[in-house]
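Structure follows, in structure tokens:
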């Protein structure tokens, strides 16, 4: 086969096939290398672009953080300035309020002195201790005395609330008898109730006994609170009864006074403003009774000074119940 030349042809054919395969393999390797180079370039571009994008995001974030920090500093400064101004304004208002209360307390005291003299001299004239008077003069003197006593009551209210707000009101605790105190309160208000045809009575719990029951508190302030609550009940009750109840609370450490009336009652929306100074309820009856609107505010403040509180329970058109809770302190029953 070799001699005939066929072997050489076969050898050349095989060699050409090998060269073709080698060429194809080289072309394939070049293509792969080219694609790898392109992929590498693309990856580098992506990395570069990603890095640039990341740097831009970081720069934007830092800028936004700086701007937010600047805004926050400005807001904090504004808030700090506002707080400082508010504190200064509050201090000025408190000083002005204290000055006002001190002024009212002083002026009320100065007004009371001559007014008491007017009432005293008017009483002397009315009792004809300075000479006989005719019916018309007696009528005029009665009007003068009633007006003077009403004015004195208003001045006393202003004086009390001013002293409380100015911190000049003091509490003097001492032992006193509960029954004697309630008897004095009822005796002083019975004529006012009888004048309106109302029944004024007391109802004491069995544990308070009928003998001596000693409390330790400020008797004068306790009487003032009870008189004010009972006077209001009588004032705003047209018919029926006003009852003063007293009992010890379940904890045996608190004495509870309740003033019940059969008056017009209080609207639910008005209970919230009931104990605010200079606020009067618009229930029709209040317009017929002049006043400062300080009585209940004074009662609440005095009750708090005594360590107690006042609560109200009322139904419009069915009457009201005012409860005065007073710490017993050291109480002795005999």
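In my numbering, the protein residues as written are 1 to 334. In this text, a Cβ means the ideal position worked out from N, Cα and C, and glycines have one as well.
Can you have a look at residue i and say buried or exposed, based on whether 16 or more other CB atoms are within 10 angstroms of its CB?
{"i": "residue 236", "result": "buried"}
{"i": "residue 232", "result": "buried"}
{"i": "residue 42", "result": "exposed"}
{"i": "residue 260", "result": "buried"}
{"i": "residue 139", "result": "exposed"}
{"i": "residue 317", "result": "exposed"}
{"i": "residue 58", "result": "exposed"}
{"i": "residue 155", "result": "buried"}
DSSP state of residue i, grouped into three classes?
{"i": "residue 171", "result": "coil"}
{"i": "residue 157", "result": "helix"}
{"i": "residue 97", "result": "helix"}
{"i": "residue 252", "result": "coil"}
{"i": "residue 287", "result": "Here residue 287 scores only 47 on pLDDT, less than 50, and its place in the model is too uncertain to base an answer on."}
{"i": "residue 262", "result": "coil"}
{"i": "residue 320", "result": "strand"}
{"i": "residue 139", "result": "helix"}
{"i": "residue 315", "result": "strand"}
{"i": "residue 243", "result": "strand"}
{"i": "residue 237", "result": "coil"}
{"i": "residue 212", "result": "coil"}
How about residue i and residue j: are their beta carbons less than 8 Å apart?
{"i": "residue 217", "j": "residue 306", "result": "yes"}
{"i": "residue 145", "j": "residue 167", "result": "no"}
{"i": "residue 265", "j": "residue 212", "result": "no"}
{"i": "residue 192", "j": "residue 148", "result": "no"}
{"i": "residue 225", "j": "residue 299", "result": "yes"}
{"i": "residue 182", "j": "residue 244", "result": "yes"}
{"i": "residue 253", "j": "residue 302", "result": "no"}
Thinking just about the alpha-carbon of each residue, which of the options is nearest to the one in residue i?
{"i": "residue 322", "options": "49, 242, 254", "result": "242"}
{"i": "residue 238", "options": "202, 37, 196", "result": "196"}
{"i": "residue 326", "options": "63, 222, 240", "result": "222"}
{"i": "residue 194", "options": "90, 240, 56", "result": "240"}
{"i": "residue 220", "options": "177, 69, 14", "result": "177"}
{"i": "residue 274", "options": "311, 245, 263", "result": "311"}
{"i": "residue 171", "options": "160, 141, 129", "result": "160"}
{"i": "residue 304", "options": "164, 253, 92", "result": "164"}
{"i": "residue 202", "options": "230, 215, 214, 175", "result": "230"}
{"i": "residue 293", "options": "157, 117, 49", "result": "157"}
Within its chain, find whatever has a CB closer than 6 Å to the CB of residue i; leave out the 5 residues flanking it on each side and keep chain order.
{"i": "residue 205", "result": "247"}
{"i": "residue 249", "result": "256"}
Counting only the same chain and skipping the five closest in sequence on each side, list residues whose C-beta sits under 8 Å from that of residue i.
{"i": "residue 287", "result": "In this prediction, residue 287 scores a pLDDT of 47, lower than 50, which makes its location untrustworthy; the coordinate-derived value is nonetheless stated afterwards. None."}
{"i": "residue 227", "result": "185, 188, 189"}
Is residue i a contact residue of the ligand GDP, with contact defined as CB to any heavy atom under 7 Å?
{"i": "residue 216", "result": "By its list of ligands, the structure shown contains no ligand whatsoever, and the ligand GDP lies outside what it can speak to."}
Please return the same chain residues whose Cβ sits closer than 7 Å to the Cβ of residue i, not counting the five positions on each side in sequence.
{"i": "residue 82", "result": "none"}
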